[in-house]
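Numbering (the numbering used here), first residue to last: 337 to 489.
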């Protein structure tokens with residue numbers, strides 16, 4: 337929600353488009369965020385609120401649960417290394433903390449195998465959810481920016 341709260345503001349806190357228009361734009365974005373599927377919303381908000389795992393604790397727990405649930409569909413096997421393995425990779429995706437080599441040591445596999453597992457079973461889910469979340473919000477933002485450009489011209 338950080339992006340919505342500051343949308344339409346310029347440096348110094350002055351609205352570039354008038355308070356009513358900025359609020360309307362924020363409401364439209366907010367509505368889309370609330371209507372999207374929860375896993376898409378959480379992945380998107382985790383990127384917006386990126387930083388310390390302390391700030392991402394709620395997103396971390398939810399994404400770990402979503403990966404455990406959806407990571408068993410089709411050819412995916414996200415639970416191959418248990419819930420600890422999923423937690424490791426979700427933390428890695430959120431913060432960049434960890435490495436393929438470290439995961440391999442902890443779980444008794446080669447670092448390259450760990451990298452392949454992450455990319456094929458974990459990252460594909462998380463990046464897909466992030467792309468879906470962005471895909472819902474970006475057309476609105478682009479339209480609003482185009483409207484602004486036309487109004488300023």
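Even glycine gets a Cβ: it sits at the ideal position worked out from N, Cα and C.
Counted within 10 angstroms of its Cβ, other Cβ atoms place residue i as buried (16 or more) or exposed
i: residue 369; result: buried
i: residue 381; result: buried
i: residue 448; result: exposed
i: residue 523; result: Here the chain covers residues 337 to 489 and nothing more, so residue 523 does not appear.
i: residue 482; result: exposed
i: residue 455; result: exposed
i: residue 479; result: exposed
i: residue 375; result: buried
Nearest candidate by alpha-carbon position, reference residue i, set the options
i: residue 427; options: 449, 459, 440; result: 459
i: residue 400; options: 446, 451, 453, 461; result: 461
i: residue 452; options: 396, 412, 471; result: 412
i: residue 490; options: 410, 396, 441; result: Absent from the structure is residue 490, since the part of the chain shown begins at 337 and ends at 489.
i: residue 406; options: 471, 464, 394; result: 464
Distance CB(residue i)-CB(residue j) smaller than 7 Å
i: residue 379; j: residue 466; result: yes
i: residue 436; j: residue 417; result: no
i: residue 364; j: residue 476; result: yes
i: residue 424; j: residue 439; result: yes
i: residue 404; j: residue 457; result: no
Any non-hydrogen atom of the ligand COA within 6 Å of residue i CB
i: residue 410; result: With respect to small molecules bound, the structure shown includes none, and the ligand COA cannot be examined in it.
Any contact between the stretch 421-436 and the stretch 382-389? By contact I mean 3 or more CB pairs, one from each, below 8 Å. yes
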